[in-house]
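*Asks:* Quick note, the sequences are listed as chains A and B, same order. Each residue of the first sequence is one higher than the one before, starting from 0 at the first, in numbering that gives the first Met the number 0. Each residue of the second sequence is one higher than the one before, starting from 0 at the first, in numbering that gives the first Met the number 0. Quick reminder that beta carbons are idealized off the backbone N, C-alpha and C, glycines included. Treat the numbers as computed from the prediction; the structure is a model and nothing was measured.
Number of protein chains: 2
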Amino acid sequence: MLSGECSILSAARDLFAEHGYDAVSMSMIAAEASVSKANLYHHYRSKEDLYFAVLRDACDGNESAWQSILAAEGPVVERLRRFARQHLEDICANPTQVRLIMREVAEHSEHRGRKLAEEVFGEDFRKVVALFQEGQARGEFRADVDAAFVAGLLLSANMGFFQWREVMRHMPTAGYADDPGAYADGVTRVLLDGIAVRTLP
Amino acid sequence: MLSGECSILSAARDLFAEHGYDAVSMSMIAAEASVSKANLYHHYRSKEDLYFAVLRDACDGNESAWQSILAAEGPVVERLRRFARQHLEDICANPTQVRLIMREVAEHSEHRGRKLAEEVFGEDFRKVVALFQEGQARGEFRADVDAAFVAGLLLSANMGFFQWREVMRHMPTAGYADDPGAYADGVTRVLLDGIAVRTLP
DNA sequence: TAATGCACTGACCGAACGGTCGGTCCAACA
DNA sequence: TGTTGGACCGACCGTTCGGTCAGTGCATTA
């Protein structure tokens with residue numbers, strides 16, 4: 000990839016992620032990348048083509064550290080704890096990509112957004128589901144909860160942190176907005192043990 | 000409110016919620032409302048003015064049935080269960096408003112979106128926090144978890160259902176995408192009891 | 001040295017944008 | 001009955017949009 004093309008892609012990614020497709024003009028991207036607008040059309044056939052290139056680029060770099068965590072050995076509970084932390088850390092470390100894809104899912108969930116989400120998150124989601132199922136098979140987790148349901152719950156909790164942290168930061172008694180690690184640990188703990196006071200059986 | 004103004008507001012709300020601010024033109028709104036574009040500017044000073052009116056209108060109608068649930072008598076656990084169901088039902092019944100506000104939070108979380116979210120969700124959030132705190136004071140919930148944290152977890156889970164249901168519908172073994180009630184019950188159950196197999200103390 | 005190919009540009013296009021303006025219509029009121 | 005004021009419209013404004021195109025500068029190759 001040439002430097003010109005790279006700077007275009009980078010500028011477009013930042014702008015699209017921050018403002019959305021329609022709010023960003025080709026002139027803005029050209030100015031941000033310090034190239035002429037015509038140059039954009041030399042590298043990409045259309046605005047949509049550039050947008051898809053940005054999306055494709057954002058999806059490529061999601062080979063994450065937590066892939067190995069899921070496949071590791073040892074107690075599922077411990078793997079789950081480490082995964083939750085790493086996953087949330089990854090999300091927070093790549094806000095641009097996450098925002099890009101979240102926006103796409105929100106606005107086109109029934110069309111290409113769904114397909115995109117499946118391609119990007121699908122395999123990962125299935126791996127988390129498999130982890131929960133392994134936990135159930137090992138007798139670490141209760142068998143009467145749906146693994147996909149719990150996986151969705153965990154990912155929703157992490158996504159919720161990412162989406163609402165700015166709002167939560169200004170809510171009373173919510174001091175965890177600045178500590179993803181503590182949040183993820185809290186999620187794991189509640190997910191495993193619940194919040195109800197345990198009564199002897 | 001007159002019929003013309005109402006149809007404008009309604010058309011604008013639908014279009015803004017579905018496509019976002021920049022993707023919607025005044026001409027589109029005028030056509031959708033079957034009025035002239037000039038008429039839009041007779042009722043609203045600018046596009047932004049109309050957008051804010053839509054936002055204000057969407058925020059007004061959120062006096063929900065679950066307000067009384069939170070304030071009711073009886074075991075907190077039962078109130079929590081009923082709240083989770085009703086809250087998710089409300090979200091799913093008003094997708095337009097929810098999408099509108101979600102978009103605003105996502106794109107302007109650090110500016111007016113934050114203020115908006117506080118005004119719309121702030122009081123509700125605090126009530127849910129208060130419910131958890133009451134549960135802790137009554138000895139129904141463990142005291143060593145932060146109430147605001149758990150409240151955020153619950154709301155994130157419900158929001159996650161709303162946001163990802165279209166994607167989830169096409170994931171294997173995830174059959175709960177069409178049943179908000181069952182999902183909410185599942186969230187409550189996991190939140191209360193966790194998924195770990197209980198070992199005798 | 002001449003020719004080829006490509007990154008890149010300024011000037012430009014028709015269309016659509018947000019917004020304005022002069023004017024029509026009609027119910028309310030004197 | 002004459003007047004007023006607000007709902008409403010068609011035509012239009014300047015600007016910006018996505019996109020095009022002829023042309024320039026500069027390596028690489030023959």
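Look up alanine 71(A) in the DSSP assignment and say whether it is helix, strand or coil.
*Replies:* coil
*Asks:* List the endpoints of the continuous alpha helix (DSSP H) containing isoleucine 28(B).
*Replies:* 25-32
*Asks:* Which residues in chain A sit within 7 Å of histidine 86(B), going by Cβ to Cβ distance?
*Replies:* Under the 7 Å cutoff, chain A gives no residues; its nearest Cβ is about 14 Å from histidine 86(B).
*Asks:* Helix or strand or just coil, what does DSSP make of alanine 146(A)?
*Replies:* Three-state result, alanine 146(A): helix.
*Asks:* Within 10 Å of its beta-carbon, does proline 179(A) have 16 or more other beta-carbons around it, so buried, or fewer, so exposed?
*Replies:* Around the beta carbon of proline 179(A), 16 or more other beta carbons lie within 10 angstroms, which makes this residue buried.
*Asks:* Within 8 Å (strictly less), CB to CB, does aspartate 145(A) reach chain B?
*Replies:* True, the Cβ-Cβ gap to chain B drops below 8 Å.
*Asks:* Please determine, among Ala176(A), Arg44(A), Trp163(A), Arg141(A), the residue with the shortest C-alpha to C-alpha distance to aspartate 274(B).
*Replies:* Examination of residue 274(B) is not possible in this model, given that chain B is present from 0 through 200 alone.
*Asks:* Would you kindly check if the distance between the Cβ of leucine 87(B) and the Cβ of asparagine 157(B) is under 8 Å?
*Replies:* yes
*Asks:* Mind pulling the chain A residues with CB within less than 8 Å of glutamate 117(B)?
*Replies:* Those are Val166, His169, Met170, listed as they occur along chain A.
*Asks:* At a CB distance below 8 Å, what residues from the stretch 147-164 of chain A approach chain B? Give them in sequence order.
*Replies:* Ala147, Phe148, Val149, Gly151, Leu152, Leu154, Ser155, Ala156, Met158, Gly159, Phe160, Gln162, Trp163
*Asks:* Check whether the Cβ atoms of threonine 187(B) and alanine 29(B) sit closer than 8 Å, and answer yes or no.
*Replies:* no
*Asks:* When the cut-off is 8 Å and only beta carbons count, does glycine 193(B) lie next to chain A?
*Replies:* It does; some Cβ of chain A falls within 8 Å.
*Asks:* Report the rounded CA-to-CA distance for alanine 136(A) versus valine 75(A), giving the unit in angstroms.
*Replies:* Straight-line Cα distance between these residues: approximately 10 Å.
*Asks:* Rounded to whole angstroms, what's the CA-CA distance from alanine 205(B) to aspartate 143(A)? Just pull it up for me.
*Replies:* Since the first residue shown for chain B is 0 and the last is 200, residue 205(B) is missing from the structure and cannot be characterised.
*Asks:* Do you know whose CA, among Lys126(B), Ala176(B), Gly138(B), lies nearest phenylalanine 148(A)'s CA?
*Replies:* Ala176(B)
*Asks:* Closest to glutamate 139(B) by CA distance: which of Ser45(B), Met27(B), Gly73(B) is it?
*Replies:* Check the Cα spacing between glutamate 139(B) and each of Ser45(B), Met27(B), Gly73(B): the tightest is with Gly73(B).
*Asks:* Who are the Cβ neighbours of aspartate 13(A) in its own chain at under 7 Å, not counting the five residues just before and after it?
*Replies:* Within its own chain, the residues whose Cβ lies closer than 7 Å to the Cβ of aspartate 13(A), once the five positions on either side in sequence are excluded, are Thr95, listed in chain order.
*Asks:* Among Leu190(B), Asn93(B), Ser33(B), Met25(B), which has the Cα closest to the Cα of arginine 44(B)?
*Replies:* Met25(B)
*Asks:* For glutamate 47(A), is the classification buried or exposed, using 16 other Cβ atoms within 10 angstroms of its Cβ as the cut-off for buried?
*Replies:* exposed
*Asks:* Just to make sure I have the definition right: I need the residues of chain B whose C-beta is within less than 7 Å of the C-beta of phenylalanine 124(A). Which are they?
*Replies:* Met170
*Asks:* So the alpha helix (DSSP H) histidine 110(A) belongs to, where does it begin and stop?
*Replies:* First-last for histidine 110(A): undefined, no H or E at that position.
*Asks:* Following the continuous alpha helix (DSSP H) through histidine 169(B), name the residue where it begins and the one where it ends.
*Replies:* It is not in any alpha helix (DSSP H) - histidine 169(B) carries neither H nor E in the DSSP assignment.
*Asks:* 8 Å is my cut-off, CB to CB: does alanine 138(B) come that close to chain A?
*Replies:* The sequence given here has glycine at residue 138(B), not alanine. Output row for glycine 138(B): interface = yes.
*Asks:* How would you call methionine 0(A), buried or exposed, if buried means at least 16 neighbouring beta carbons within 10 angstroms?
*Replies:* Reliability of the predicted coordinates at methionine 0(A) is poor, the pLDDT of 44 falling under 50, and no value is obtained from them.
*Asks:* Which of the three DSSP states, helix, strand or coil, is assigned to alanine 92(B)?
*Replies:* Reduced to three states, the DSSP call for alanine 92(B) is helix.
*Asks:* Are the C-beta of valine 97(A) and some C-beta of chain B separated by less than 8 Å?
*Replies:* no
*Asks:* Quick one: what's got a C-beta closer than 7 Å to valine 196(A)'s C-beta in the same chain, skipping five residues either side?
*Replies:* none
*Asks:* Output yes or no for whether 8 Å exceeds the beta carbon distance between isoleucine 201(B) and arginine 55(B).
*Replies:* Absent from the model: residue 201(B). The displayed extent of chain B is 0 to 200, so no value can be given.
*Asks:* What are the start and end residues of the alpha helix (DSSP H) that includes glutamate 47(A)?
*Replies:* 46-59
*Asks:* Under the three-state reduction of DSSP, which class applies to alanine 105(A): helix, strand or coil?
*Replies:* helix
*Asks:* Within 8 Å of any Cβ in chain A, is that where the Cβ of alanine 30(B) sits?
*Replies:* no
*Asks:* Rank His41(B), His42(B), Leu49(B) by C-alpha distance to the C-alpha of valine 23(B) and give the top, closest one.
*Replies:* Leu49(B)
*Asks:* Beta-carbon of aspartate 13(B) versus every beta-carbon of chain A: anything under 8 Å?
*Replies:* Aspartate 13(B) has a beta carbon lying at 8 Å or more from every beta carbon in chain A.
*Asks:* Name the chain B residues that come within less than 9 Å of alanine 22(A), Cβ to Cβ?
*Replies:* Gly19, Tyr20, Asp21, Ala22, Glu106
*Asks:* Tell me, which residues are paired with phenylalanine 140(B) by DSSP?
*Replies:* Ala195(A)
*Asks:* I'd like the span of the alpha helix (DSSP H) that includes tyrosine 40(B), first residue to last.
*Replies:* 36-42
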